[in-house]
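Reading through the structure tokens given below for one structure.
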Amino acid sequence: RRLRKRTRDSDEDGSGLLPADDIDNPTLSLSSDAQASSFRPSQMERYVHNAVAHPSLRGKNAQAILESVQQGHQTQFLATPPVLRLAYDFSFHVRGLSLMHFRRFMEKLEQQPTMSGVNMTNFGRVNSLHPATPPRTVSDIVEAFNTLLLFADRFYSPLVYSFIKAGATFMEKYAVLSRPDPATYNMLVFWVNSKLGKFRSEVIATNVQTAALIGNEFARNDDHLME
């Protein structure tokens with residue numbers, strides 16, 4: 099069997115990704131260096147991914163998925179391998195991923211200072227996650243939510259997209275009606291991250307349909323949202 103050249107994918111629907119039977123059974127064995135720089139999800143990570151992923155991505159090779167979406171035009175944040183690795187199975191909050199990792203990245207303006215020392219090709223776990231940039235305004239939080247929502251449109255299932263949209267819609271209204279002070283910004287991000295993390299936990303404990311109900315907790319009267 100001939101080794102086929104991988105093509106760069108930019109299709110919105112994910113159909114341009116290499117078929118699962120081609121990329122899950124490579125013709126040549128990977129070197130130890132290649133294995134170390136590849137993303138090899140655990141059984142639980144695969145389980146959560148299959149529950150939350152866009153239908154076009156289910157059953158496809160994890161490494162190919164991440165490399166593909168890294169180049170996607172709906173990926174408008176700094177898509178480092180660690181961020182994408184955690185996005186694969188919705189690993190927010192205590193697992194490390196933050197809403198602010200989805201802050202919109204203006205490549206022409208930010209490339210030099212932001213990407214200095216960032217390895218954009220190593221998807222292995224040795225490439226650790228950098229802390230997210232804290233919000234400077236409430237608009238930063240709203241923008242990060244909208245950037246995540248754009249990404250979710252083709253990366254997560256419609257049900258997960260609707261859950262994220264509930265949070266984004268709430269935050270837009272909250273920003274207008276409450277006008278929080280700077281001391282509140284980090285608290286808001288923590289609160290949002292806790293809801294995103296709770297969603298993942300509920301997927302594992304029950305199912306994604308039940309987890310989606312957590313979207314109703316994006317509300318001003320939530321017990322954990324302090325004014």
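Numbers 99 to 325, taken from my numbering, label the letters of the sequence shown in order.
Built from N, CA and C at the ideal position, the CB exists for glycine as well.
Just so we're clear, the structure is a prediction, and the values are computed from it rather than from any experiment.
Q: Taking all protein chains shown into account, decide if Asp-82 is buried (16 or more other Cβ within 10 angstroms of its Cβ) or exposed.
A: For residue 82 there is no data in the structure shown, the boundaries of the chain being 99 and 325.
**Q.** Option nearest Val-274 by Cα separation, candidates Val-290, Ser-237, Trp-289
**A.** Here residue 274 is taken as the residue at index 176 of the sequence shown, counted from 1. For the residues Val-290, Ser-237, Trp-289, the minimum Cα distance to Val-274 belongs to Ser-237.
**Q.** With 16 other Cβ atoms within 10 Å as the buried cut-off, status of Arg-183
**A.** Here residue 183 is taken as the residue at index 85 of the sequence shown, counted from 1. Buried is the call here.
**Q.** Minimum C-alpha distance to Leu-248 - residue among Ala-230, Arg-201, Ser-196
**A.** Translated into the one-based positions of the sequence shown, residue 248 becomes position 150. When only C-alpha atoms are compared, the closest one is Arg-201.
Q. Going by alpha carbons, who is nearest to Ser-154 out of Lys-296, Asp-251, Ser-292?
A. Locating residue 154 in the sequence shown gives position 56, where the first residue counts as 1. It is Asp-251.
Q. So what's Ala-149 in DSSP terms, helix, strand or just coil?
A. As a working note, residue 149 is residue 51 in the sequence shown. Three-state result, Ala-149: helix.
Q) Going by Cα to Cα distance, which pick from Ala-310, Ser-276, Gly-170 is closest to Phe-253? A) Along the sequence shown, one-based indexing puts residue 253 at 155. Among Ala-310, Ser-276, Gly-170, the Cα nearest to that of Phe-253 belongs to Gly-170.
(Q) Between Phe-188 and Arg-298, how many whole angstroms is the CB-CB distance? I'm expecting something under 8 Å. (A) Stepping through the sequence shown from its first residue, residue 188 is reached at position 90. Stepping through the sequence shown from its first residue, residue 298 is reached at position 200. That belief holds up - the Cβ atoms of Phe-188 and Arg-298 are roughly 5 Å apart, short of 8 Å.
Q) What residues in its chain sit with their C-beta under 6 Å from that of Ile-121, if we drop five residues either side in the sequence? A) Taking the sequence shown and counting its residues from 1, the one referred to as residue 121 is at position 23. Note that Ile-121 scores a pLDDT of 41, beneath 50, so its modelled location is shaky; the value from the coordinates is reported in the next line. So the list reads Asn-159, Ala-162, once near-sequence residues are dropped.
Q.
Give me the residue from Arg-234, Ala-264, Ser-260 with the minimum Cα distance to Ala-281.
A. As a working note, residue 281 is residue 183 in the sequence shown. Among Arg-234, Ala-264, Ser-260, the Cα nearest to that of Ala-281 is on Arg-234.
Q. Tell me which same chain residues have a C-beta within less than 6 Å of the C-beta of Phe-316, skipping the five on either side of it?
A. The residue you call residue 316 lines up with position 218 of the sequence shown. So the list reads Ala-264, Gly-265, Phe-268, once near-sequence residues are dropped.
Q | Where the alpha helix (DSSP H) through Thr-267 begins and ends | A | Here residue 267 refers to the residue found at position 169 when the sequence shown is read from its first residue. For Thr-267, the enclosing alpha helix (DSSP H) begins and ends at 256-276.
Q) Does DSSP put Arg-202 in a helix, in a strand, or in coil? A) Residue mapping note: residue 202 aligns to position 104 of the sequence shown, counting from 1. Three-state result, Arg-202: strand.
Q.
What would DSSP say about Phe-175, mapped onto helix, strand or coil?
A. Start at 1 with the first residue of the sequence shown, and residue 175 comes out as number 77. Phe-175 falls in the strand class under three-state DSSP.
Q. How many whole angstroms separate the CB atoms of Phe-190 and Asn-291, which I take to be in contact at a CB cut-off of 8 Å?
A. Along the sequence shown, one-based indexing puts residue 190 at 92. Along the sequence shown, one-based indexing puts residue 291 at 193. About 5 Å; that satisfies the 8 Å criterion.
(Q) Between Gln-174, Gln-168, Met-218, Thr-219, which has its C-alpha nearest Asn-244's C-alpha? (A) Along the sequence shown, read from residue 1 onward, the residue named residue 244 stands at position 146. Comparing Cα positions, the closest option is Gln-174.
**Q.** Identity of the residue in His-147, Leu-197, Gly-215, Met-142 nearest Glu-241 by Cα
**A.** For this step, residue 241 is matched to residue 143 along the sequence shown. It is Leu-197 whose Cα lies nearest to the Cα of Glu-241.
Q. Any Cβ of chain B within less than 9 Å of the Cβ of Leu-275?
A. Within the model displayed, chain B is absent; a lone protein chain is all it includes.
Q.
Tell me the DSSP secondary structure of Leu-195 in three-state form.
A. Position 97 of the sequence shown, counted from the first residue, corresponds to residue 195. Here Leu-195 sits in strand by DSSP.
Q. Going by Cα to Cα distance, which pick from Ala-310, Val-181, Arg-138, Val-192 is closest to Leu-257?
A. As a working mapping, residue 257 is identified with position 159 in the sequence shown. Out of Ala-310, Val-181, Arg-138, Val-192, Ala-310 has the C-alpha closest to the C-alpha of Leu-257.
Q: Using three-state DSSP, classify Phe-288 as helix, strand or coil.
A: To locate residue 288, count along the sequence shown from 1; it is residue 190. Here Phe-288 sits in helix by DSSP.
**Q.** Lys-271 classed as buried or exposed, judged by whether at least 16 other C-beta atoms fall within 10 angstroms
**A.** The residue you call residue 271 lines up with position 173 of the sequence shown. Residue environment for Lys-271: exposed (fewer than 16 other C-beta atoms within 10 angstroms of its C-beta).
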